[in-house]
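**Student:**
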Ligand SMILES: Cc1cc2nc3c(=O)[nH]c(=O)nc-3n(C[C@H](O)[C@H](O)[C@H](O)COP(=O)(O)OP(=O)(O)OC[C@H]3O[C@@H](n4cnc5c(N)ncnc54)[C@H](O)[C@@H]3O)c2cc1C
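Chains as they are written, first to last, in the numbering used here: chain D, 1 to 398; chain S, 399 to 774.
This is the structure in structure tokens:
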């Protein structure tokens with residue numbers, strides 16, 4: 001037993017740190033640290049910097065222009081990026097649809113789509129969920145009917161994250177309504193500017209425009225945009241979900257949030273003393289930090305087990321639950337740390353281009369909004385209830 | 399022991415309920431939120447016409463002379479509809495301070511106008527770094543010719559933008575103790591910066607730069623307001639717990655309805671046992687909260703004592719914990735839809751969590767209770 005990273009892995013960490021120090025723009029890191037909203041251009045800026053270094057496609061094999069890193073390297077990279085305040089890489093293209101195209105796509109699709117993802121030319125969004133198909137994803141109804149060398153798509157997707165920025169969407173559509181639930185589904189790629197696609201914003205409780213509804217009205221999609229075989233889309237979907245779930249514990253993000261929590265608790269005062277010296281609040285911070293340590297060790301154990309290839313099994317469901325609960329607990333404490341100053345709803349201070357004087361402290365505007373926004377962590381990517389069902393079935397065999 | 403309402407109280411509850419139901423749909427609330435006042439002056443007028451604005455005010459001042467139970471009944475309904483009007487801060491907290499601290503002249507001058515709804519009060523008792531402790535003050539008052547000059551700043555003054563009179567706490571220079579001053583928001587040197595709060599109502603920050611206040615507008619005796627502030631915060635807390643109860647009941651109702659109607663995997667999600675248990679836990683928290691709301695209402699007007707303080711702290715603690723649990727779980731059980739601005743549930747969740755950011759959160763009250771706890 002040895003809990004240490006190898007010398008090579010430590011050297012890699014140093015390399016990542018040096019890169020971030022040199023290349024992560026300070027204004028971007030500041031926005032991330034203060035919890036401001038990021039503009040599309042902010043994401044694009046960071047993606048271009050990573051791409052120039054060859055570090056954008058961390059999950060890709062070298063042959064496609066990826067890093068070919070080990071799971072441990074990816075973990076280190078992710079952690080260092082979060083701690084430095086790098087914008088989170090929007091996964092839909094590079095980490096979701098790309099692995100599916102690599103695994104199930106044909107040569108033409110690989111050659112067309114993958115370079116466009118690397119260069120940032122395409123921004124993808126994920127069209128899985130529907131109003132009637134959330135946890136029960138296989139209940140989806142959006143219909144794609146073959147018409148010559150096209151599919152004609154009708155229906156609706158919802159909760160489409162950052163769909164307003166996207167020029168491409170990958171969708172699960174029903175191609176055989178007669179087949180059993182999972183068997184009539186196909187994986188289809190579409191242009192967001194196709195005639196018949198309408199995007200409508202959904203504003204979340206924190207006032208943010210992060211998700212959308214996407215409507216399809218007789219959208220004609222070239223049949224060559226089908227990935228894999230017709231009616232075999234569920235296989236792609238499941239493959240993608242395993243990719244979506246790894247890394248969902250969000251250790252790096254939680255550590256960064258914990259740092260920010262400590263900064264806030266040190267700056268806020270109660271009875272003229274820093275809040276962080278209040279025994280009760282300090283104990284609350286200590287509690288999440290100790291639990292986070294445990295989740296981190298659990299993540300490392302899984303990483304070590306999957307080092308030689310292979311995907312984590314149902315254990316990743318445990319980590320998803322614990323990781324999401326920890327991050328929610330940290331944002332809960334950040335909000336609490338502000339006392340009455342958590343109340344003002346200062347949307348303008350959260351805007352990417354805000355440069356004015358903050359009403360209170362520079363860190364005051366975001367925590368309450370973030371706390372509410374973070375409710376999503378236990379809902380999406382397979383809700384925590386669904387994860388528990390998976391554990392009960394796959395791990396416990398109940 | 400009797401947990402029933404008397405006839406008059408039942409009528410009061412029915413009246414508010416009817417008014418709220420008729421005028422405060424969620425869609426209307428959203429329009430009020432977007433309006434310049436951030437609430438409905440028309441609804442305020444209706445509250446006043448029905449005598450509701452006078453409920454907490456003493457009978458000697460043209461008020462209804464209601465107590466903790468009456469305040470509870472009104473606040474519970476205002477909470478159920480997420481009303482945005484500054485009823486609690488004006489009619490209960492502000493008016494309570496005037497009634498307890500004010501001279502006979504001040505009470506006669508101010509309270510009848512508050513009771514009629516014509517004058518709104520607001521209380522400015524939080525500052526940067528006060529963090530729920532009303533005697534942690536940096537704002538100062540300097541004696542000057544026939545009055546005082548106030549210097550400092552105040553934060554998150556609920557309803558401060560529309561108040562005709564703001565009760566500002568300050569420390570008289572070089573002395574200890576807290577004093578309350580009646581400040582005209584339009585006076586020279588008062589800078590009001592307004593904003594909505596994340597749970598809906600509007601508030602403001604105040605900058606006071608040498609604001610002149612007449613001798614007559616010092617409330618009570620110099621440096622002697624601490625006990626009254628603590629006492630009136632207790633009354634306000636009790637009422638706020640009732641507001642939370644109304645909101646919890648509504649969040650609970652919406653969630654229960656949703657579990658019966660939302661279908662996934664070919665069945666209503668309310669069939670899943672894990673969700674049934676969660677709902678049962680929420681119900682348990684709701685009932686504990688209800689019990690503490692009643693306790694708080696019944697002790698709110700008791701003479702000041704450690705026992706009263708303990709009970710009110712316990713009520714705020716239990717209600718704060720229940721509020722957060724119900725807020726979080728009702729979003730969770732709704733899935734994505736529970737996170738949308740378009741749906742009232744999300745606003746109940748915000749309200750329930752953010753109510754803990756006034757008058758002290760669960761930690762604050764746990765500490766208060768621990769300090770006063772009786773030890774065998
Ligand atoms: C902010 C946000 C961003 C999102 N982004 C995307 C995106 O980009 N693309 C996309 O396709 N989707 C996205 N989603 C959708 C997300 O995947 C769904 O919200 C999620 O699958 C849950 O579905 P639902 O919201 O319909 O809730 P429901 O499935 O209706 O669930 C309601 C409640 O019932 C519970 N439940 C359901 N089934 C069971 C069961 N069998 N046992 C026990 N409990 C159960 C759930 O856990 C939940 O508590 C996003 C969601 C959010 C909130």
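Yeah, the Cβ is synthetic: ideal placement off N, Cα and C, and Gly gets one too.
Since residue 126 (chain D) sits in a beta bridge, which residues does DSSP pair it with?
**Tutor:** Per DSSP, D:170.
**Student:** Just to check, is the beta-carbon of residue 385 (chain D) closer than 7 Å to a non-hydrogen atom of ligand 1?
**Tutor:** For ligand 1, at least one heavy atom lies less than 7 Å from the Cβ of residue 385 (chain D).
**Student:** In chain D, which residues lie with their C-beta within 8 Å of the C-beta of residue 792 (chain S)?
**Tutor:** As displayed, chain S neither begins before 399 nor continues past 774, which places residue 792 (chain S) out of reach and without an answer.
**Student:** When the Cα of residue 153 (chain D) is compared with those of D:136, D:190, D:179, which residue comes out closest?
**Tutor:** Nearest C-alpha to residue 153 (chain D): D:190.
**Student:** Ligand 1 heavy atoms versus the CB of residue 660 (chain S): any closer than 7 Å?
**Tutor:** Checking the Cβ of residue 660 (chain S) against ligand 1 gives yes.
**Student:** Distance cutoff 8 Å, beta carbons only. Does residue 135 (chain D) sit that close to anything in chain S?
**Tutor:** Residue 135 (chain D) counts as touching chain S.
**Student:** I need the straight-line Cα distance from residue 753 (chain S) to residue 693 (chain S), nearest angstrom please.
**Tutor:** C-alpha separation (whole angstroms): 19 Å.
**Student:** Considering only the alpha carbon of each residue, which of S:412, S:530, S:490 lies closest to residue 765 (chain S)?
**Tutor:** Residue S:530 is the option with its Cα nearest to residue 765 (chain S).
**Student:** Check distances from the C-beta atoms of the region 27-50 of chain D to those of chain S and list, in chain order, the residues that come in under 9 Å.
**Tutor:** Here the close residues number zero.
**Student:** Figure out for me which residue from D:342, D:299, D:231, D:250 has the closest Cα to the Cα of residue 328 (chain D).
**Tutor:** Selected option, being the one with the closest Cα: D:250.
**Student:** List, in order along the chain, the chain D residues whose C-beta lies closer than 7 Å to that of residue 658 (chain S)?
**Tutor:** Under the 7 Å cutoff, chain D gives no residues; its nearest Cβ is about 16 Å from residue 658 (chain S).
**Student:** Got a sec: which bits of the region 189-217 of chain D sit with their beta carbon under 8 Å from any beta carbon on chain S, in order along the chain?
**Tutor:** Those would be 202, 203, 204, 205, 206, 207, 211, in chain order.
**Student:** Alpha carbon to alpha carbon, how far is residue 88 (chain D) from residue 156 (chain D)? Give it in angstroms, no decimals.
**Tutor:** Answer to the nearest angstrom: the Cα atoms are 28 Å apart.
**Student:** Assuming residue 236 (chain D) and residue 104 (chain D) are in contact, meaning their beta carbons sit under 8 Å apart, how far apart are those beta carbons, in whole angstroms?
**Tutor:** Their Cβ separation, rounded to whole angstroms, is 5 Å, which keeps residue 236 (chain D) and residue 104 (chain D) in contact under 8 Å.
**Student:** Looking at chain S, which residues of the region 363-379 of chain D have a Cβ within less than 9 Å of any of its Cβ atoms?
**Tutor:** For the region 363-379 of chain D, which is checked against every Cβ of chain S, the residues closer than 9 Å are 368, 369, 371, 372, 373, 375, 376, 378, 379.
**Student:** By DSSP's criteria, residue 542 (chain S) is part of a beta bridge. Which residues make up the other side?
**Tutor:** According to DSSP, residue 542 (chain S) bridges with S:545.
**Student:** Check the Cβ of residue 746 (chain S) against every Cβ in chain C and list those closer than 9 Å, keeping chain order.
**Tutor:** Reference to chain C is not applicable here, since the protein chains of this structure are D and S.
**Student:** Which chain D residues are close to residue 663 (chain S), counting only those with a beta carbon under 8 Å from its beta carbon?
**Tutor:** The answer, in chain order, is 135, 136, 139.
**Student:** Would you please state the rounded distance, in angstroms, between the beta carbons of residue 490 (chain S) and residue 439 (chain S)? I believe it to be under 8 Å.
**Tutor:** Rounded, the Cβ-Cβ distance is 19 Å, inconsistent with contact.
**Student:** Can you name the residues of chain D whose CB is closer than 9 Å to the CB of residue 730 (chain S)?
**Tutor:** Neighbours of residue 730 (chain S) on chain D, chain order: 375, 378, 379, 383, 384, 385.
**Student:** Between the C-alpha atoms of residue 424 (chain S) and residue 741 (chain S), what's the straight-line distance to the nearest angstrom?
**Tutor:** Taking the straight line joining both Cα atoms gives about 8 Å.
**Student:** Do you know how far the Cα of residue 337 (chain D) is from the Cα of residue 532 (chain S)?
**Tutor:** Their Cα atoms are separated by approximately 17 Å.
**Student:** Looking at the C-beta of residue 70 (chain D), does it have a partner C-beta in chain S at a distance below 8 Å?
**Tutor:** Not closer than 8 Å to any Cβ of chain S, the Cβ of residue 70 (chain D) fails to qualify, so no.
**Student:** When burial is assigned at 16 or more other CB atoms within 10 Å of the CB, is residue 167 (chain D) buried or exposed?
**Tutor:** Its Cβ having fewer than 16 others within 10 Å, residue 167 (chain D) is exposed.
**Student:** Looking at the C-beta of residue 588 (chain S), does it have a partner C-beta in chain D at a distance below 8 Å?
**Tutor:** No, residue 588 (chain S) does not count as interfacial toward chain D.
**Student:** For chain S, is any of its Cβ atoms less than 8 Å away from the one on residue 103 (chain D)?
**Tutor:** No, its Cβ sits nowhere closer than 8 Å to a Cβ of chain S.
**Student:** In terms of alpha-carbon separation, which member of S:579, S:739, S:409 lies closest to residue 618 (chain S)?
**Tutor:** Nearest of S:579, S:739, S:409 to residue 618 (chain S), Cα basis: S:579.
**Student:** Which bits of chain D does residue 554 (chain S) rub up against, with CB to CB less than 8 Å?
**Tutor:** 340, 341, 343, 344, listed in chain order.
**Student:** Check this for me: beta carbons of residue 711 (chain S) and residue 650 (chain S), under 8 Å apart or not?
**Tutor:** Not in contact: residue 711 (chain S) and residue 650 (chain S) (Cβ atoms no closer than 8 Å).
**Student:** Leaving out five residues on either side along the sequence, give the residues of the same chain with a beta carbon under 8 Å from the beta carbon of residue 514 (chain S).
**Tutor:** Excluding residues within five positions, the ones whose Cβ falls inside 8 Å are 446, 451, 452, 460.
**Student:** Verify whether the separation of the beta carbon atoms of residue 730 (chain S) and residue 379 (chain D) is less than 8 Å.
**Tutor:** It is a contact, given that the beta carbons lie within the stated cut-off.
**Student:** When the distance is taken between beta carbons, is residue 561 (chain S) closer than 8 Å to residue 501 (chain S)?
**Tutor:** No, Cβ-Cβ distance for residue 501 (chain S) and residue 561 (chain S) is not below 8 Å.
**Student:** At least one CB of chain S closer than 8 Å to the CB of residue 288 (chain D): is that the case?
**Tutor:** No, residue 288 (chain D) lies away from the interface with chain S (no Cβ there is under 8 Å from its Cβ).
**Student:** Any beta carbon of chain S sitting closer than 8 Å to that of residue 262 (chain D)?
**Tutor:** No - not a single Cβ of chain S is within 8 Å of the one on residue 262 (chain D).
**Student:** Looking at the structure shown, is residue 119 (chain D) part of a helix, part of a strand, or coil, going by DSSP?
**Tutor:** If DSSP states are grouped into helix, strand and coil, residue 119 (chain D) belongs with the helices.
**Student:** When you compare the CB of residue 281 (chain D) with every CB in chain S, is at least one pair closer than 8 Å?
**Tutor:** Chain S contact via Cβ: present.
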